[in-house]
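Number 451 marks the last residue of the sequence shown (numbering that gives the first Met the number 0); no jumps.
Written below as structure tokens is the structure these notes are about.
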Amino acid sequence: MSTARVASARAEILLPSVREPIFVIGPDRRMHQVNRAWEEFTGRPANEVLGLECGKRAASLDDSAENLVAAISPPRSVLEGSPLETKALIVKPGSERTWVRLTFQPLRSTAASLNSVYILGFIGPIAEPAGISPDPLRLQLLAARHDAAQRYGIDSLVGRSPAHLRLLEQIRLAASTTNPVSIRGPRGSGKKTVARVIHQLSRSRHLPFIPIDCSLLPSSTIERELFSDQGLVESSDPIAGRSTILLIEPHSLERETQRRIARRIDDHRRIMLSSNIASVDSSDVDLDEEFACRFSVLTIEIAPLSSREADIPLMAQHLLDRMERRLDGNGSEFAPGVLDAMRIHDWPGGVSELARVVEFGRDHASTHIITMEDLPPPLRPGSDSREQAPSIPRQDLDSVMTRVERRLIELALQRAAQNKSRAAELLGISRPRLYRRIRELEIPDLELPESS
Numbered sequence: 000m001s002t003a004r005v006a007s008a009r010a011e012i013l014l015p016s017v018r019e020p021i022f023v024i025g026p027d028r029r030m031h032q033v034n035r036a037w038e039e040f041t042g043r044p045a046n047e048v049l050g051l052e053c054g055k056r057a058a059s060l061d062d063s064a065e066n067l068v069a070a071i072s073p074p075r076s077v078l079e080g081s082p083l084e085t086k087a088l089i090v091k092p093g094s095e096r097t098w099v100r101l102t103f104q105p106l107r108s109t110a111a112s113l114n115s116v117y118i119l120g121f122i123g124p125i126a127e128p129a130g131i132s133p134d135p136l137r138l139q140l141l142a143a144r145h146d147a148a149q150r151y152g153i154d155s156l157v158g159r160s161p162a163h164l165r166l167l168e169q170i171r172l173a174a175s176t177t178n179p180v181s182i183r184g185p186r187g188s189g190k191k192t193v194a195r196v197i198h199q200l201s202r203s204r205h206l207p208f209i210p211i212d213c214s215l216l217p218s219s220t221i222e223r224e225l226f227s228d229q230g231l232v233e234s235s236d237p238i239a240g241r242s243t244i245l246l247i248e249p250h251s252l253e254r255e256t257q258r259r260i261a262r263r264i265d266d267h268r269r270i271m272l273s274s275n276i277a278s279v280d281s282s283d284v285d286l287d288e289e290f291a292c293r294f295s296v297l298t299i300e301i302a303p304l305s306s307r308e309a310d311i312p313l314m315a316q317h318l319l320d321r322m323e324r325r326l327d328g329n330g331s332e333f334a335p336g337v338l339d340a341m342r343i344h345d346w347p348g349g350v351s352e353l354a355r356v357v358e359f360g361r362d363h364a365s366t367h368i369i370t371m372e373d374l375p376p377p378l379r380p381g382s383d384s385r386e387q388a389p390s391i392p393r394q395d396l397d398s399v400m401t402r403v404e405r406r407l408i409e410l411a412l413q414r415a416a417q418n419k420s421r422a423a424e425l426l427g428i429s430r431p432r433l434y435r436r437i438r439e440l441e442i443p444d445l446e447l448p449e450s451s
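Shown next as structure tokens:
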């Protein structure tokens, strides 16, 4: 019998008599055994935790048995045979948060494979989480998730900066009312995610959440979806009529459509706006005055990620943990210096760019450690994202794209015989947007020659 199996068998005999809280993790990475002292300390009976899989990182700090096991799971270095002393934050039944000291001792012979390792764990109270070498970022992340879940009912938006806490307060306020909500922020800042969170926190959470991108759909399609007999606004169906509607880039709507929406808002239907523009009543966008006024009561501003430097490490770790859970991973983590590089990056693409960078690093890492070399070039050592320009200058690219857009509009106008409504449909944009681009691109308003 191997050393590990002998040690495990002896542990099964000795554990009940040991006064210190002890647990054993088996080769299948599941809770194998706990003693009575462990049950008393954690407040969990053995039958609730035995057989639960370790290594799954806790998604939040609730008092479930699964999250308790996740919180005390050993890191990858222990699974590879290295003993470790660290700390963790657990939640006992009744939501009592407790810092604990964890000591892991792998049990295997020199000939044993990685898959035959038993892990003996010791757990005990600790007054202050200082003096031990843990992963403080993950503990901060779990604490942030717990605080958000306890106070706001969510743990999917993480951060500790004043701007982030203000955002959570605004979300909670928006969820408590059916008043129209305008969500503004830079591209990639997570406006649709904020809207979904508001919906999930509201009393309408059991009803559909329907995003409509007004800049992509023709006006005729949007009119039909909103105002036909079976449309979202006019329908008498109790589900469709009370669904949450998110209008993305609403300034692309025709003014008549905007007015109809403003006049159909009531206390039974939640309508939200999501826009990249600086202000819902900005003079440089095509908004109906009544529509702008109706949606100016409750406005949520999402700060650029570059101004929330303190939140970036937490958000990066949150995104990595979410990928690990989705892909059934086993403990990817960031090497020292990676999060510092992320903190000072400009992030012009916002949270969406951060998510892509984290996914890129995880996919390109040769081990479970994501190093600087695994990141995209703009974040690697010796490169400055603000100085590293593409091979074609940005102004040249803008000029090319402007010429392409101008030519497409001219062709659409020719095909539509200068009928701007028809040209807008051919281009798949709203008529106000087409008028605005014609004016901005200084496209001449050609009149058709009179027929002879």
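Ideal Cβ placement from N, Cα and C applies to all residues, glycine included.
Measuring alpha carbon to alpha carbon, tell me which residue in the options is nearest residue i.
i	options	result
T85	P124, Y434 and V116	P124
R379	S305, L338 and L410	L338
A36	T176, R75, A45 and H163	A45
I24	F40, I71 and E38	I71
R43	V17, K91, L83 and L51	K91
P82	R75, P105, A415 and S63	P105
P443	R430, G427, I428 and Q413	Q413
E289	A309, I260, L313 and L304	I260
T401	L140, P73, R436 and V116	R436
T176	S201, L440, T192 and S155	S201
L440	E424, Q417, L407 and R421	L407
T41	P73, T97 and E52	T97
R28	V68, D62, I299 and E38	V68
E19	E39, A309, R263 and R262	E39
I247	R254, R269 and C213	C213
V185	S219, I428, Q139 and I299	Contrary to the premise, residue 185 reads as Pro rather than Val in this sequence. Nearest of S219, I428, Q139 and I299 to P185, Cα basis: I299.
L140	D320, I270 and S251	D320
G336	L410, S429, L304 and P312	P312
E65	L78, A87, M30 and G93	M30
R245	V193, R324 and H205	Residue identity check: residue 245 is Leu in the sequence provided, not Arg. For the residues V193, R324 and H205, the minimum Cα distance to L245 belongs to V193.
Buried or exposed: residue i, going by 16 or more other Cβ atoms within 10 Å of its Cβ?
i	result
D287	buried
V296	exposed
R223	exposed
L326	exposed
E95	exposed
H317	buried
I343	exposed
V99	buried
V403	exposed
D362	exposed
G360	buried
P376	exposed
A129	Low local confidence applies: a pLDDT of 45 at A129 is under 50, so the model's placement there is unreliable, with the coordinate-based value given in what follows. Looking at its Cβ environment, which holds fewer than 16 other Cβ atoms inside 10 Å, A129 is exposed.
G189	buried
S227	exposed
R432	buried
R438	exposed
D310	buried
G349	buried
S467	This structure leaves residue 467 out entirely; the chain is present only between 0 and 451.
P179	buried
A354	buried
S306	exposed
G93	exposed
G427	exposed
Are the C-beta of residue i and some C-beta of chain B separated by less than 9 Å?
i	result
P375	Protein chain content of the structure displayed is limited to a single chain, and chain B is not contained in it.
Could you pull the DSSP bridge partners for residue i from this structure?
i	result
M271	V180 and L245
F22	V33 and G120
D52	Here the sequence assigns Glu to residue 52, which means Asp is not the residue at that position. For E52, which the question treats as bridged, DSSP gives the partners R29.
F208	T243
I369	F333
Tell me which residue opens and which closes the alpha helix (DSSP H) that residue i is part of.
i	result
I170	P161 to A174
R254	R254 to R263
R355	G349 to H363
I428	From DSSP, I428 is part of no alpha helix (DSSP H); its letter is neither H nor E.
Q199	K190 to L200
R379	Run containing R379: none; DSSP gives neither H nor E here.
R223	S218 to F226
Which residue marks the beginning of the beta strand (DSSP E) containing residue i, and which one marks its end?
i	result
I442	First-last for I442: undefined, no H or E at that position.
May I have a chain-ordered list of the beta strand (DSSP E) segments no shorter than 3 residues that lie completely inside the segment 293-327?
-> 297-300
Mind pulling the alpha helix (DSSP H) runs of 4 or more residues that sit fully within the segment 66-112?
-> 75-78
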